[in-house]
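So the sequence shown is numbered by this note's numbering: it starts at 341 and just counts up by one. Here the structure is laid out as structure tokens; the discussion comes afterwards.
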Amino acid sequence: MKLNSYLMFNGQCEKAFKFYEQCLGGKIEAMMTYGGSPVAEEMSPELRDKIMHANLVVGDQELMGSDSPPELYEETKGFSVSININDPVEAERLFHALAKNGAIRMPIQETFWAARFGMLVDQFGIPWMVNCDKAA
């Protein structure tokens with residue numbers, strides 16, 4: 341079994357995934373618009389250039405997402421995308437990259453369980469936690 345996060349956006353999926361690709365050092369392997377899909381004719385003109393499905397691969401992990409039809413979109417709440425990193429310097433870099441134009445909820449810092457831990461909401465409204473465990 342494999343669990344993946346699937347993020348829903350309000351028209352910003354393409355921009356968000358290009359940002360995540362840059363921050364996370366991954367590769368976008370799929371990005372299909374509603375207009376480029378087999379159901380294109382059924383879509384409203386406003387939705388045709390929006391993303392029906394995006395897939396970003398980082399190492400052996402995947403992050404997926406799409407633009408929600410406006411009438412179905414709900415603001416993101418109740419979860420965070422959690423990233424665990426072994427290098428405190430990389431944790432700091434990644435935290436600050438994702439926080440660009442976003443909101444820091446907890447500055448990245450040492451905690452009783454982590455060499456570095458911080459929480460943020462990125463510029464697209466997605467909550468993130470960056471964790472770097474203390475060396476054993």
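Note that beta-carbon positions come from the ideal geometry of N, C-alpha and C, so glycine has one too. From a predicted model like this one, the values you see are computed outputs, not experimental measurements.
Closest to residue i by C-alpha separation, out of the options, would be which residue?
| i | options | result |
| --- | --- | --- |
| N395 | T451, N424, M469 and K358 | K358 |
| Q352 | E381, L387 and S422 | L387 |
| V397 | C363, S420, F349 and D427 | C363 |
| G442 | A356, K342, M348 and T451 | A356 |
| D407 | E381, T373 and W468 | T373 |
| T416 | K474, Y346 and T451 | Y346 |
For residue i, count neighbouring Cβ atoms within 10 angstroms of its own Cβ and tell me buried if that reaches 16, exposed if not.
| i | result |
| --- | --- |
| D462 | buried |
| F435 | buried |
| W453 | exposed |
| P380 | For the sequence presented, residue 380 should be read as Ala rather than Pro. It is exposed - the Cβ of A380 has fewer than 16 other Cβ atoms within 10 Å. |
| Y360 | buried |
Closer than 6 Å by C-beta to residue i: which residues in its own chain qualify, once you throw out the five before and the five after it? Chain order, please.
| i | result |
| --- | --- |
| A431 | I425, R456, V470 and C472 |
| G366 | L396, V397 and V398 |
Please list the segments of the alpha helix (DSSP H) lying wholly inside the region 355-397, counting only runs of 4 or more residues, in order along the chain.
-> none
Inside the region 393-469 only - alpha helix (DSSP H) runs reaching at least 4 residues = 428-439
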